[in-house]
Amino acid sequence: MTSPSQIIIHRPGSLEELPKHLSGKVLIVTDPGIVKAGHVDRATALLEDVVVFDQVRENPTESDVAECAQFARAKNPDFIVGLGGGSSMDTAKGALFLLSGGGVMSDYQGHGKAKGPMLPFIAIPTTAGTGSECQSYAILSRDGSHEKMACGDSRAMAKVVILDPELTESMPLQVARLTALDALSHSLESAVCKNGTDKSRGLSFQAFRSIEPVIEAILKGEGSLEDRNQMLVGSALAGSAIEASMLGAAHAAANPLTAHFDVVHGHAVMSMLPGVMRWNAQVVGCVYDELKPGLIDWVEYLYELAELPPVVVPSEMIAQLATEAAKQWTGQFNPRPLTEADFEALYRRTFGES
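The opening position of the sequence shown corresponds to residue 1239 in my numbering, with each subsequent residue numbered one higher.
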């Protein structure tokens, strides 16, 4: 499996191929949970000259990335490897920007603002959800406000992606559920974004076709190694689709829920996705039908199957959430526009107030 700018290796045990694709000193960017799972030890055992930054935090902020970049400058690596979930990938990619051009991450918001060559980057996901391994964007939170910020440049794209389903075996069931639902949401939102291309929509459909047959088994905790491999491939394909098409209003509405109530990203997105899809169906219902008849009802069924706790939103917060959702960058790509008032109505319908 290849893309124009990436080598993508996907099979059980493919972590063993890591040494073939790098040389010199290697910096692994990861989080404490991945260390505890033993994956970092497996990776470092394959390498001769390696250092580890293991302080990645969930939903990394500008300051978190600056901390990683400072560590990297002191170690002077030749390669950077992101090992973990989306937060590890985003932290590693963010560090690439700062190592290349200095400054702070807000200097690079948008696309194409990198100031020089970047270190080569290898992505090894341990979850099947974000698809960040196939994107050139680092998705970060602003210090203080926690507003999501996308910093992208083609130079930040991973040169090599290793999809080893054996690395996903350590995921707790709830993490596996949330990341699988996140991958599904990426395939569905990217399929209908208004600036999508034939190529990006093709990738979205491929992602959905990979995810759809196995996601119920994953949510039930019954997924086989082959099922997990298929989820990894689907997640990566959806990530490639996002690179061209972006995402939509479900992600725009989800980000304030994460910022204010610490709702895990995949949970927040899935809580909003059915309502957004019903809103969008007026203009892209034919696409949903092509993907799967009864798609929205099926998405709601999966949300119930995942046994996620209810998201509780105080009514007095909804107007503020709507204001923030309307400012999120992903909302502009939704196939049917939403005003601030539309977001407010969406929140109220979702959380049982109308």
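Backbone N, C-alpha and C fix where the C-beta goes; we use that ideal spot for every residue, glycine too.
- Residue 1358 places its beta carbon less than 8 Å from that of residue 1317.
- For residue 1369 against residue 1480, the beta-carbon gap comes to about 6 Å, under 8 Å, which counts as contact.
- Shown here, residue 1583 sits in a helix according to DSSP, grouped into three states.
- Cβ contact annotation for residue 1536 (same chain, cutoff 8 Å, sequence separation greater than five): 1530, in chain order.
- A distance below 8 Å separates the beta carbons of residue 1494 and residue 1562.
- Shortest Cα-Cα distance from residue 1351 to any of 1376, 1311, 1460 involves 1376.
- Counting along the chain, residue 1520 sits inside the alpha helix (DSSP H) bounded by residues 1503-1529.
- With contacts defined by Cβ atoms closer than 8 Å, residue 1431 and residue 1356 do not form a contacting pair.
- For residue 1248, the beta-bridge partners assigned by DSSP are 1401.
- By the neighbour-count criterion, in which a residue is buried when 16 or more other Cβ atoms sit within 10 angstroms of its Cβ, residue 1463 is exposed.
- In this structure, residue 1482 keeps its C-beta atom at 8 Å or more from the C-beta atom of residue 1532.
- Nearest in C-alpha terms to residue 1587, of all of 1364, 1568, 1560, 1469, is 1560.
- If you look at residue 1258, you'll find it isn't in any alpha helix (DSSP H); DSSP assigns it neither H nor E.
- Annotation for residue 1363: no alpha helix (DSSP H) segment contains it, though the beta strand (DSSP E) segment containing it runs 1359-1363.
- Cβ contact annotation for residue 1311 (same chain, cutoff 7 Å, sequence separation greater than five): 1337, in chain order.
- DSSP links residue 1317 through a beta bridge to 1264.
- In this structure, the beta-carbon distance from residue 1577 to residue 1490 does not fall below 8 Å.
- Looking only at 1298, 1284, 1469, the smallest Cα-Cα distance to residue 1455 is reached by 1469.
- By the CB criterion at 8 Å, residue 1420 and residue 1503 fall inside the cutoff.
- Residue 1518 is classed as buried because its beta carbon has at least 16 other beta carbons within 10 Å across all chains shown.
- Secondary structure note for residue 1379: it is in no alpha helix (DSSP H), and the uninterrupted beta strand (DSSP E) holding it is 1375-1379.
- Listed in chain order, the non-local C-beta contacts of residue 1296 below 7 Å within the same chain comprise 1325, local neighbours out to five positions each way being set aside.
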